[in-house]
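Number of protein chains: 2
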Amino acid sequence: MKYIDKLRNSGLRPTKQRLQICKVLFDTEKTFHFTINELEHKIKEKIDNKISLATVYNTVHAFEKKGYLKQIPINSNQTYFDTNVTDHHHFYDLNDQRLIDLENSDVGPINIKKKINGKRIKSVEVLVKLED
Amino acid sequence: MKYIDKLRNSGLRPTKQRLQICKVLFDTEKTFHFTINELEHKIKEKIDNKISLATVYNTVHAFEKKGYLKQIPINSNQTYFDTNVTDHHHFYDLNDQRLIDLENSDVGPINIKKKINGKRIKSVEVLVKLED
DNA sequence: ATTGTTAGTTATAATTATTATAAACTAATT
DNA sequence: AATTAGTTTATAATAATTATAACTAACAAT
Ligand SMILES: [Mn+2]
Ligand SMILES: [Mn+2]
Ligand SMILES: [Zn+2]
Ligand SMILES: [Zn+2]
Numbered sequence: 003m004k005y006i007d008k009l010r011n012s013g014l015r016p017t018k019q020r021l022q023i024c025k026v027l028f029d030t031e032k033t034f035h036f037t038i039n040e041l042e043h044k045i046k047e048k049i050d051n052k053i054s055l056a057t058v059y060n061t062v063h064a065f066e067k068k069g070y071l072k073q074i075p076i077n078s079n080q081t082y083f084d085t086n087v088t089d090h091h092h093f094y095d096l097n098d099q100r101l102i103d104l105e106n107s108d109v110g111p112i113n114i115k116k117k118i119n120g121k122r123i124k125s126v127e128v129l130v131k132l133e134d
Numbered sequence: 003m004k005y006i007d008k009l010r011n012s013g014l015r016p017t018k019q020r021l022q023i024c025k026v027l028f029d030t031e032k033t034f035h036f037t038i039n040e041l042e043h044k045i046k047e048k049i050d051n052k053i054s055l056a057t058v059y060n061t062v063h064a065f066e067k068k069g070y071l072k073q074i075p076i077n078s079n080q081t082y083f084d085t086n087v088t089d090h091h092h093f094y095d096l097n098d099q100r101l102i103d104l105e106n107s108d109v110g111p112i113n114i115k116k117k118i119n120g121k122r123i124k125s126v127e128v129l130v131k132l133e134d
């Protein structure tokens with residue numbers, strides 16, 4: 003019911019596929035960082051019926067547009083998404099190619115002193131690259 | 003001569019193509035942020051002979067490996083590169099899709115309090131997204 | 001419930017950035 | 001000059017993503 007309302011309230015029809023993808027994405031306490039490819043595999047594991055790749059793409063983009071997912075800037079051949087849509091910082095493990103959330107309290111306050119005329123700051127995010 | 007030595011010293015042959023690309027990339031005081039596509043256009047403007055796309059890719063990757071260029075993590079369909087290879091922060095103008103360097107003095111020191119066992123910090127970079 | 005309307009799903013094709021291939025060429029070395 | 005290894009190039013292959021269009025499911029109105 004939770005996801006049915008969530009989808010209806012944002013003008014998205016609660017289809018079987020979307021509800022199943024919701025479960026995979028949001029039925030967990032931990033932040034989930036993923037590529038479409040990884041999400042597809044997780045769906046196959048957890049769900050018995052098939053969801054087409056096009057639907058996975060469509061759903062992820064629909065959810066992103068509605069603010070339930072955000073894209074994470076990482077240089078990879080695939081796009082990374084995040085179920086944590088707040089502004090937040092990341093560790094990126096270069097060896098494992100894994101993203102890990104940093105709490106805002108893990109990073110001191112960041113003071114941007116420079117200003118650009120006519121532009122305002124939308125977000126400030128830190129990427130901390132890790133290696134062994 | 004400048005670039006001939008630079009290339010020779012890093013074990014790259016100073017070919018006509020590489021020297022011309024060097025001029026486009028490094029003959030400027032300002033940091034140059036670019037995609038392969040943008041670089042290709044700039045080459046066509048500034049150079050009369052033709053350089054094949056494969057060579058542009060090869061050269062950019064060779065220069066990146068030698069530490070003359072670095073990749074910038076930005077969500078785009080194309081990969082961004084930077085002639086400023088030091089660890090530094092960026093403004094990213096979401097409207098113009100343009101990267102602008104921040105001086106380290108424009109951002110106060112950043113204190114990462116969390117640690118991951120067995121991993122060490124390789125870089126800490128801030129991305130400040132701007133909009134109108 | 002039946003119907004019509006609209007949104008969503010799907011298989012598949014198209015697109016596009018990037019990488020691989022292999023032959024031709026060029027710079028460096030002997 | 002001849003040899004060698006590195007580089008360039010046109011072109012093909014790859015792979016992530018997006019577009020297409022027929023089919024299907026959700027929903028509102030009757
Ligand atoms: Mn990319
Ligand atoms: Mn990217
Ligand atoms: Zn995150
Ligand atoms: Zn820069």
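Chains as they are written, first to last, in the numbering used here: chain A, 3 to 134; chain B, 3 to 134. For glycine and all other residues, C-beta sits at the position ideal for the given N, C-alpha and C.
Distance between residue j and residue i (C-alpha atoms, nearest Å)
i        : j        : result
A:TYR94  : B:SER125 : 10 angstroms
B:LYS25  : B:LYS46  : 13 angstroms
A:LEU27  : B:LEU96  : 27 angstroms
A:ASP134 : A:HIS91  : 20 angstroms
B:PHE83  : A:LYS4   : 43 angstroms
B:ILE115 : A:ASN113 : Going by the sequence as given, residue 115 of chain B is Lys instead of Ile. The straight-line gap from Cα to Cα measures roughly 17 angstroms.
B:ARG20  : B:ASN77  : 28 angstroms
B:THR17  : B:PHE65  : 13 angstroms
A:GLU127 : A:GLU40  : 24 angstroms
B:LEU14  : A:LYS44  : 44 angstroms
A:GLY69  : B:GLU105 : 32 angstroms
A:ILE123 : B:LEU129 : 10 angstroms
A:LYS48  : B:LYS121 : 32 angstroms
A:LEU55  : A:ASP103 : 27 angstroms
A:VAL109 : B:ILE6   : 44 angstroms
Segment limits, beta strand (DSSP E) that includes residue i
i        : result
B:GLN73  : 72-74
B:GLY31  : The identity of residue 31 of chain B in the sequence shown is Glu, whereas the question assumes Gly. Taken as a continuous stretch (DSSP letters only), B:GLU31 belongs to no beta strand (DSSP E), as it is neither H nor E.
B:ASP95  : 91-95
B:LEU55  : Element bounds for B:LEU55: not the beta strand (DSSP E) but the alpha helix (DSSP H), 55-68.
B:HIS38  : Contrary to the premise, residue 38 of chain B reads as Ile rather than His in this sequence. Element bounds for B:ILE38: not the beta strand (DSSP E) but the alpha helix (DSSP H), 38-48.
B:ARG100 : 100-104
Chain A contact residues for residue i, given Cβ-Cβ distances below 7 angstroms
i        : result
B:GLY13  : Within 7 angstroms Cβ-Cβ: nothing; B:GLY13 doesn't reach chain A, min ~24 angstroms.
B:GLN73  : ASN77
B:LYS121 : ASP95, LEU132, GLU133 and ASP134
Assigned exposure category for residue i - 16 Cβ within 10 Å defines buried
i        : result
A:ILE23  : buried
B:THR30  : exposed
A:THR88  : exposed
A:ILE53  : buried
A:HIS132 : Per the sequence shown, the amino acid found at residue 132 of chain A is Leu instead of His. When all chains shown are included, A:LEU132 counts as buried.
B:ILE74  : buried
B:LEU9   : buried
A:LEU101 : buried
Cross-chain neighbours of residue i in chain A, by beta carbon under 9 angstroms
i        : result
B:GLU127 : VAL128, LEU129, VAL130 and LYS131
Interface residues of chain B facing residue i [CB-CB closer than 8 angstroms]
i       : result
A:THR81 : ASN77
Chain B residues whose Cβ lies nearer than 9 angstroms to that of residue i
i        : result
A:ILE118 : PHE93, ASP95, ILE102 and LEU132
Under 7 angstroms by beta carbon: chain B residues contacting residue i
i        : result
A:LYS124 : LEU96, LYS131, LEU132 and GLU133
Limits of the unbroken alpha helix (DSSP H) element including residue i
i        : result
A:LYS117 : It is not in any alpha helix (DSSP H) - A:LYS117 carries neither H nor E in the DSSP assignment.
B:ASP7   : 4-11
beta-carbon residue i near ligand 5 non-hydrogen atom, thresh 6 angstroms
i        : result
B:ASN106 : Among the ligands in the structure shown, ligand 5 does not appear; only ligand 1, ligand 2, ligand 3 and ligand 4 can be found there.
Contact residues within the stretch 36-69 of chain A, judged by C-beta distance below 7 angstroms to chain B: none
Interfacial residues, the stretch 89-115 of chain A to chain B, with Cβ spacing under 9 angstroms: HIS91, PHE93, TYR94, ASP95, LEU96, ASN97, ILE102, LEU104, GLU105, SER107, ASP108, VAL109, GLY110, PRO111, ILE112, ASN113, ILE114 and LYS115
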